[in-house]
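Asks: Here the numbering used here = 1-based position in the sequence shown + 110. Every residue, glycine too, gets a C-beta built ideally from N, C-alpha and C. Right, I'll just put the structure down here and ask away after.
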Amino acid sequence: MTDVAIIQNWPKFRDFIIEFLQKYNINQRDITRLLISCEEIFTNICKYAYSHSKKTGNISIELAQNNNIVEVKFVDSGVKFDPTGIPIADVTMPVHERKIGGLGLYIVRKFVDNIQYKYLNNCNILILTKQINDLDNFKEE
């Protein structure tokens with residue numbers, strides 16, 4: 111699915127993701143974790159990828175599943191940004207001593223099993239993978 115990278119388009123992308131995940135009877139816990147992770151990445155792309163330009167760009171999300179692995183691929187042509195290079199937020203520090211930002215990526219890292227980034231053909235490509243733990247529920251209807 112591809113559309114303009116604006117926050118107002120999140121419900122369309124969310125519904126697209128939910129429909130895909132429900133097609134494979136994925137348990138609600140994993141659906142929720144994937145949706146939270148996807149919303150965080152989507153929001154960051156909308157806020158920052160095209161902020162250098164007066165034009166709004168597009169965002170694409172592709173979904174795939176293989177055995178018990180779900181893959182979500184985000185593609186945008188905004189500013190080159192590798193979120194895998196961002197240090198993990200130290201949540202053990204008192205709130206008033208922490209730097210602002212980074213908690214969203216902290217949550218994404220906790221909710222998915224792997225995050226890969228590459229920059230190819232002037233596009234950011236971010237892939238989230240999540241192993242689905244309830245194998246009995248991971249079957250296409």
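Can you tell me where the alpha helix (DSSP H) holding GLN118 begins and where it ends?
Replies: Run containing GLN118: none; DSSP gives neither H nor E here.
Asks: Tell me whether SER163 sits in a helix, a strand or coil according to DSSP, three-state version.
Replies: coil
Asks: So PRO193 and LEU236 are in contact, right, with Cβ under 8 Å, and what is the actual spacing, rounded?
Replies: Taking a contact as a CB-CB distance under 8 Å, the pair PRO193 and LEU236 counts as one, their CB atoms being some 7 Å apart.
Asks: If you run the structure through DSSP and keep just helix, strand and coil, what is VAL185?
Replies: strand
Asks: Considering only their Cβ atoms, is the gap separating GLU150 from VAL222 smaller than 8 Å?
Replies: Going by C-beta atoms, VAL222 is not nearer than 8 Å to GLU150.
Asks: Excluding the 5 residues preceding and the 5 following LEU144 in the sequence, name in chain order all residues of the same chain whose CB lies nearer than 6 Å to its CB.
Replies: Cβ within range, chain order: LYS240.
Asks: Helix, strand or coil: how does DSSP classify TYR134 here?
Replies: Coil.
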